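Its first residue numbered 27, the sequence shown is counted upward by one per residue in the numbering used here.
Written below as structure tokens is the structure these notes are about.
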Amino acid sequence: FFFDFSVFEIPAEKILVNIVMSSSHINENYLESLTQEMDVIKTSVCLLACCEATNELQKEKIKALAKSKGKYIFIINSVAINGILDEYYKIGEQHFSMLRDKFKELN
27 FFFDFSVFEI PAEKILVNIV MSSSHINENY LESLTQEMDV IKTSVCLLAC CEATNELQKE
87 KIKALAKSKG KYIFIINSVA INGILDEYYK IGEQHFSMLR DKFKELN
């Protein structure tokens, strides 16, 4: 992944990427298991791609994880992924306004 999370002062030499097909998998237990996986690989960032997801799923729990544990889980759907890639191809730089907006929501 080509986004530089250091602009947010997030240590992320590695990024956990998980893909789920349905948002029904995204519950509190699933999010907790993601944070444990993040601890194993020593990262603070997880990109959770979900074809049908909205960015509102488990919003309060995700905010709490960011504030209490410094773990940032970004839920992105296919529209967001295409937008990120399209922006990168057009601009050629690491702006990614969707990720910036999501980060601001978490803090």
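We put the CB at the ideal spot given by N, CA and C, even for glycine.
A quick note: this is a predicted structure, and the numbers were derived from the prediction, not measured.
Determine the closest residue to I99 out of N44, S48, C72, V105, with distance taken between C-alpha atoms.
Position 73 of the sequence shown, counted from the first residue, corresponds to residue 99. Here the closest residue by C-alpha is C72.
Coil, strand or helix - N133 by DSSP
Reading the sequence shown from its first residue, position 107 is the one you call residue 133. Correct three-state label for N133: coil.
Nearest-angstrom Cα separation, counted from T61 out to K89:
Here residue 89 is taken as the residue at index 63 of the sequence shown, counted from 1. Here residue 61 is taken as the residue at index 35 of the sequence shown, counted from 1. Straight-line Cα distance between these residues: approximately 13 Å.
I'd like the span of the beta strand (DSSP E) that includes A75, first residue to last.
For this step, residue 75 is matched to residue 49 along the sequence shown. Here the beta strand (DSSP E) through A75 covers 71-76.
The alpha helix (DSSP H) enclosing N44, as first and last residue numbers:
Along the sequence shown, read from residue 1 onward, the residue named residue 44 stands at position 18. Segment 42-46 is the beta strand (DSSP E) holding N44; no alpha helix (DSSP H) there.
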